[in-house]
Every structure is written in structure tokens, then in C-alpha cells.
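Comments concern the structure below.
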């Protein structure tokens, strides 16, 4: 009985591992495709991992467009959004005497104004 | 007392201002626009609204629009398959990953990776992954088909047509009308299962030790526990997480429409109401688009209300 449970555990673990690796396949595919020569994407039979690594795709994306600037923009938007969301959200969620009287939220012990 | 009542408003002000400016205004405008024939180009003044007022015409058109009907049933089908599938998978994953095994945190991360990937990137990525000829999904299916067909021949029988088809081409995913919806389901389950797993996992880890101890005394194992009515921690995670399917995967949409407009056509539209189409056609049909958005909103509102009503009955709130 104990052995059976052990076997079951191993089976579950292997299944979870297999599933986890399957989740990775699209990411793996993205990387592998990014290393192929520009025209080789539709070549048959398909190379799972390109024999020659073509790094020029990366070179192109870094030089053809202002990639650094775009990345910085994304970063600024993300940081700004997070900051504003957290601030306004935390402020709105601050327990107040008014909400504590009606609602069932946390009591106003911690941060209510004097 | 007075100063107390001023404080909450002051604290609410940032969120309230944002809501009024960026949510409530546009929401009300779109409600108004749904009764107007508006192209989105003329300045939106009271005069424009007055002169182009069409009453319920947009809603009448919607009821008769075959594209809308098709999209509606496709969306319903999609939700009916994808959501239960994702829920069951996520629950099984959470049960499996809720053990103190070696490397279990890495495994959880693997399942969660798609969640932290940009939705547009996921959509674009899956256009490649589901490519019928060079995508890994069909490569794998063809491989399996070949092996099974070979096995069949080894046993001295003619492989069935299904296997031959699988070995030769496999499903056309995003290009074949019959398979398109399954392609979208596959991609969105992949993208969404991790987050739901995490929520279930949090629920499982929130079950207090007393319950588990009592259960271990009574004897039932985890599966039996699950079948015996709502476990104390689950519904916390369940109803509070509205499906994010109403947005779909935007990256897949261009894949479906640009590449395959001919073969997929209007009537096999696999997913989502024809909102972007109404926005995207020229001249823009903003009035019609608003009407669609409001019908969609009413449906979602009804579903959410139902969810809350059921929640009151099902969820064991902890004191």
C-alpha cells in the first residue's frame, strides 16, 4: 500500500514535469525561430534548433529601430502606472471612520485620523 | 465628527477623479452614442448627436446581423469549453504542486510563465506555434501520427484514415474554420492556466490545519474530499476571479483575419464579438460599435450578478 502511494507520487511528479516542459515549448520555439536565417522559417523539414545560429536578427532589432528608447518608454509607463495605482488604491482602501461604521471591513484602529 | 467625514473623500479623491475622468465619462458617452449614427470623424457636439439620432436602430441592426449572431454563439462555445477546461486543469495542477517536493517552486514558475508574458506577445507567438506546416504543435502531431501508423502497419493492418491524415497534415488550426476555435482555446488555456493554478494553490494553502487533521482522522483522501461538497478554501479563489476571456488574445486576431480572411470568412469567426470590425471599418461605425459594447456589457453584468448570487449560497465565509 505504501509502495503504491510512492509510485503514485512519482507518476504525478513526472506528469507535472512533463506538463511544465510542455508549457515551455512555445518559448523555446520563439528563441529557436529567432536564431534562424531570415528565409529559413518556412523550410521543410523544420529544424527544431537551427544548425547555424543567426544572430543578425538580434542585431537588426537593436539597430533598425530605437529599441532602447522603446524599452525605456515601456519601463517608464509600467513604473508610473504601478506607482499611481498603488498610491490611489492604498489611499482609497484606507479604513476611515465612515466606512468602519457601515461596512464590515477592518476596524479603524490602525490608521484613522485622530 | 465633521472632519472625519471629510477625510474619506479626500482619500478617495485620486481614484474617484480617475474613475470619473477616464471611466464614467466614456461609459456614458458610449451609451449615448449607441443611439446615434456616428462616424467618429465629425466633432462630437450636441448638434451632431441631435442630427444623427437613430433611436434603437443600432440595436435592431445588431439583432439581425448574422455576423453578430455567429460571433455570439462562437463566443459562448469558446467560453463553455475553455473555462471548464482551464478550471479543471488548474485545480489538478494546484493539487499536484501543493506538495513539499524537490523543485516544486520551479515547476510552479514554469506554469506561471505565460501569465507574466504580454498578451499580445502570447497571441503572436501562438500564430507561429499553431502554424499548420512549420509549427511545433503539428510537428509533434505528425510525428505521433507517423509512429502510430507505423505501429498499425507492423501489426499488418491498414492504418485508419484518421492516422493517415494526422501523419500527413494534421489540424489546420487557425486557417481551417473547423479548427480555428480549438486553436484559440488551446492558446488561451496555455496562457491562463497558470494564474488560476496560483489562485487555487493559495486557496489550498489557506485551508487550516484543523480541517486537514480532521479529514485525515475521518479517512478520505484528497480526491474524495474534493467530491464531498465545497472545501472550505476553494470558493475564495473561484468566484472572485472573473474570466479574462472577454478580452481574448489580441495578437491572435490579426492572425485570424489578415492571413486568412478568405478561407475563414465572416461566418467562422472563432472568437469575440465583432467589436473591432465595427471600429475598424471605414467610415467608422462608432454608434454601432457602442451598441455592441453595451449588449456585451449587459450580458457580462447578468453573468456577474448570477455569480454573486450563487456565491452567497456556496461560499463559506470565514468569520
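Residue numbers (our numbering), protein chains in the order written: chain E, 13 to 126; chain B, 23 to 341. Idealized CB from N, CA, C, for every residue including glycine. Because the structure is a prediction, the values reported are computed rather than measured.
Query: Residue 61 (chain E) in three-state terms, based on DSSP; Result: coil
Query: Of the listed residues B:221, B:199, B:174, B:206, nearest to residue 117 (chain B) (C-alpha basis); Result: B:221
Query: Residue 189 (chain B) versus residue 316 (chain B): straight-line alpha-carbon distance, rounded; Result: 46 Å
Query: Top-ranked residue by Cα proximity to residue 112 (chain B), from B:101, B:130, B:122; Result: B:130
Query: Backbone secondary structure at residue 58 (chain B) - three-state DSSP; Result: strand
Query: Beta-carbon gap between residue 133 (chain B) and residue 32 (chain E) smaller than 8 Å; Result: yes
Query: Cβ of residue 204 (chain B) within 8 Å of any chain E Cβ; Result: no
Query: Where the alpha helix (DSSP H) containing residue 108 (chain B) begins and where it ends; Result: 88-119
Query: Reduced DSSP category for residue 75 (chain B) - H, G, I as helix; E, B as strand; rest coil; Result: strand
Query: Of the listed residues E:19, E:92, E:49, E:90, nearest to residue 71 (chain E) (C-alpha basis); Result: E:49
Query: Contact under 8 Å by Cβ, residue 107 (chain B) with residue 206 (chain B); Result: no
Query: Under the three-state DSSP convention, the category residue 52 (chain E) falls into; Result: helix
Query: Beta-carbon neighbours of residue 104 (chain E), restricted to chain D and to distances below 7 Å; Result: Absent here is chain D; the protein component of the structure consists of chains E and B.
Query: Buried or exposed (CB count within 10 angstroms, at least 16 for buried), residue 27 (chain E); Result: exposed
Query: Beta carbon proximity, residue 95 (chain E) to chain B, threshold 8 Å; Result: no
Query: Where residue 47 (chain B) sits in the DSSP three-state scheme; Result: helix
Query: The stretch 50-64 of chain B contacting the stretch 77-84 of chain B, beta-carbon criterion three pairs below 8 Å; Result: yes
Query: Any non-hydrogen atom of the ligand SAH within 7 Å of residue 95 (chain E) CB; Result: Judged by which ligands are present, the structure shown has none, so any question about the ligand SAH falls away.
Query: Inter-residue spacing [alpha-carbon to alpha-carbon] between residue 164 (chain B) and residue 42 (chain B); Result: 54 Å
Query: Proximal chain B residues relative to residue 41 (chain E), where beta-carbon distance stays under 9 Å; Result: 147, 150, 151, 157, 158
Query: Range covered by the alpha helix (DSSP H) that runs through residue 21 (chain E); Result: 14-46
Query: Cβ of residue 118 (chain B) within 8 Å of any chain E Cβ; Result: yes
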